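Chains as they are written, first to last, in my numbering: chain E, 81 to 195; chain D, 179 to 293.
The beta carbon of each residue, even a glycine, is placed where N, CA and C say it ideally should be.
Just so it is clear, the structure is predicted and the values come from calculations on it, not from any experiment.
Notes to accompany the following structure.
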Amino acid sequence: AQKVTQAQTEISVVEKEDVTLDCVYETRDTTYYLFWYKQPPSGELVFLIRRNSFDEQNEISGRYSWNFQKSTSSFNFTITASQVVDSAVYFCALKSQGGSEKLVFGKGMKLTVNP
Amino acid sequence: EAGVAQSPRYKIIEKRQSVAFWCNPISGHATLYWYQQILGQGPKLLIQFQNNGVVDDSQLPKDRFSAERLKGVDSTLKIQPAKLEDSAVYLCASSLATGRKETQYFGPGTRLLVL
Numbered sequence: 081a082q083k084v085t086q087a088q089t090e091i092s093v094v095e096k097e098d099v100t101l102d103c104v105y106e107t108r109d110t111t112y113y114l115f116w117y118k119q120p121p122s123g124e125l126v127f128l129i130r131r132n133s134f135d136e137q138n139e140i141s142g143r144y145s146w147n148f149q150k151s152t153s154s155f156n157f158t159i160t161a162s163q164v165v166d167s168a169v170y171f172c173a174l175k176s177q178g179g180s181e182k183l184v185f186g187k188g189m190k191l192t193v194n195p
Numbered sequence: 179e180a181g182v183a184q185s186p187r188y189k190i191i192e193k194r195q196s197v198a199f200w201c202n203p204i205s206g207h208a209t210l211y212w213y214q215q216i217l218g219q220g221p222k223l224l225i226q227f228q229n230n231g232v233v234d235d236s237q238l239p240k241d242r243f244s245a246e247r248l249k250g251v252d253s254t255l256k257i258q259p260a261k262l263e264d265s266a267v268y269l270c271a272s273s274l275a276t277g278r279k280e281t282q283y284f285g286p287g288t289r290l291l292v293l
């Protein structure tokens, strides 16, 4: 079965703090893709990043970085020097063949960045 | 490039009434998805279309929900009759094709409240 767990439900930080959002996934497939989406108060899900299971190279994009570790089935997301505009709900998602290639989402983690 | 368009943005109805939502995907995207997002949860796939054919509707409550994508572009999702538990955000997404590596891009959603 495919499953995504975001253990943190809500985090509140002060602007300029670094924050890491945890994501743990389960799949029996050897080929799969992991995604992070951001959902601001406006409601639209905004695509942030996609990683495939064969590429464990971590990535940095501006203030965002991702740490993918197959050994622990984790795909964590870090925001450096957080800003008020980063306040949103963040979703981790998994797509694998065993799940009929459905995008399976975690429950989301609400991040509030206070000025 | 225009994103996924949805209308209406908000809808309030009474239980047992009918409601319909409309989605226009990103131009050239063959695959279209409808998701239901209940408050505090991640989106759940209701139905997936490839052009005008249904790929996956295993989680669509077919006794009350229906969807169509007649010309392989726009799509409508209908609920008839609505129940209180249908109160949710209905998200439409599209991707270039099916497959694990395909990224789904989401619209702003329709927020439905059933009284």
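According to DSSP, what are the bridge partners of D:F227?
Looking up residue 227 of chain D in the second sequence gives position 49. D:F227 pairs with D:L210, D:V232.
CA nearest to the CA of E:V193, picked from E:K83, E:Q86, E:V99:
The sequence position of residue 193 of chain E within the first sequence is 113, counting from 1. Restricting attention to E:K83, E:Q86, E:V99, the CA atom closest to the CA of E:V193 is found in E:V99.
Measure the beta-carbon distance from E:I129 to E:R143 and round it to whole angstroms, keeping in mind my assumption that it falls under 8 angstroms.
As a working note, residue 129 of chain E is residue 49 in the first sequence. As a working note, residue 143 of chain E is residue 63 in the first sequence. Not a contact, Cβ separation roughly 13 angstroms.
Would you verify that the beta carbon of E:K182 is, or is not, closer than 7 angstroms to some beta carbon of chain D?
As a position in the first sequence, residue 182 of chain E is number 102, starting the count at 1. True, the Cβ-Cβ gap to chain D drops below 7 angstroms.
How would you write the range of the beta strand (DSSP E) that E:I140 sits in, first residue to last?
Numbered from 1 along the first sequence, position 60 holds the residue referred to as residue 140 of chain E. E:I140 -> beta strand (DSSP E) spans 139–141.
Provide the residue span of the beta strand (DSSP E) that contains D:Q184, from first to last.
Sequence index remark: in the second sequence, residue 184 of chain D carries index 6 (1-based). Here the beta strand (DSSP E) through D:Q184 covers 183–185.
If I measure Cβ to Cβ from D:N230 and keep anything under 7 angstroms in the same chain, skipping five residues before and after, which residues do I get?
The residue you call residue 230 of chain D lines up with position 52 of the second sequence. These residues qualify, in order along the chain: R247, L248, K249, G250.
Candidates D:L210, D:A180, D:Y188: closest to D:T276 by CA position:
Against the second sequence, residue 276 of chain D aligns to sequence position 98. Checking every option, the nearest Cα to that of D:T276 belongs to D:L210.
Secondary structure at E:P164, three-state DSSP: helix, strand or coil?
Here residue 164 of chain E corresponds to residue number 84 of the first sequence, with the count starting at 1. One detail in the question is off: residue 164 of chain E reads as Val in this sequence, not Pro. Judged by DSSP in its simplified three-state form, E:V164 adopts helix.
Does D:N224 have its Cβ less than 7 angstroms from a Cβ in chain E?
Reading the second sequence from its first residue, position 46 is the one you call residue 224 of chain D. Position check: residue 224 of chain D holds Leu in this sequence, whereas Asn was assumed. By this cut-off, D:L224 is not an interface position.
Can you check whether the C-beta of D:F284 is within less than 7 angstroms of a C-beta belonging to chain E?
The count along the second sequence starts at 1 and reaches residue 284 of chain D at position 106. By this cut-off, D:F284 is an interface position.
Can you find the residues in the same chain that come closer than 7 angstroms, C-beta to C-beta, to D:I216, ignoring five residues on each side of it along the sequence?
As a first step, residue 216 of chain D must be located in the second sequence, where it is residue number 38. The answer, listed in chain order, is A266.
Answer with yes or no whether the minimum CB distance from E:R130 to chain D is below 7 angstroms.
As a working mapping, residue 130 of chain E is identified with position 50 in the first sequence. Nearest CB-CB separation between E:R130 and chain D: below the 7 angstroms threshold.
Using a Cβ-Cβ distance under 7 angstroms, would E:E124 count as near chain D?
To locate residue 124 of chain E, count along the first sequence from 1; it is residue 44. It does; some Cβ of chain D falls within 7 angstroms.
Sub-7 angstroms separation of E:C172 and E:V93 beta-carbons
Within the first sequence, the letter at position 92 stands for residue 172 of chain E. Within the first sequence, the letter at position 13 stands for residue 93 of chain E. No. Outside cutoff.
Roughly how many whole angstroms lie between the Cα atoms of E:S167 and D:L255?
Residue 167 of chain E sits at position 87 when you count from the first residue of the first sequence. Residue 255 of chain D sits at position 77 when you count from the first residue of the second sequence. Their backbone Cα atoms lie some 30 angstroms apart in a straight line.
Under 7 angstroms between C-beta atoms of E:S133 and E:Y112:
Here residue 133 of chain E refers to the residue found at position 53 when the first sequence is read from its first residue. Here residue 112 of chain E refers to the residue found at position 32 when the first sequence is read from its first residue. Less than 7 angstroms divides the Cβ of E:S133 from the Cβ of E:Y112.
Of all Cβ atoms in chain D, is any one closer than 7 angstroms to the Cβ of E:Y113?
As a first step, residue 113 of chain E must be located in the first sequence, where it is residue number 33. The beta carbon of E:Y113 falls within 7 angstroms of a beta carbon belonging to chain D, placing the residue at that interface.
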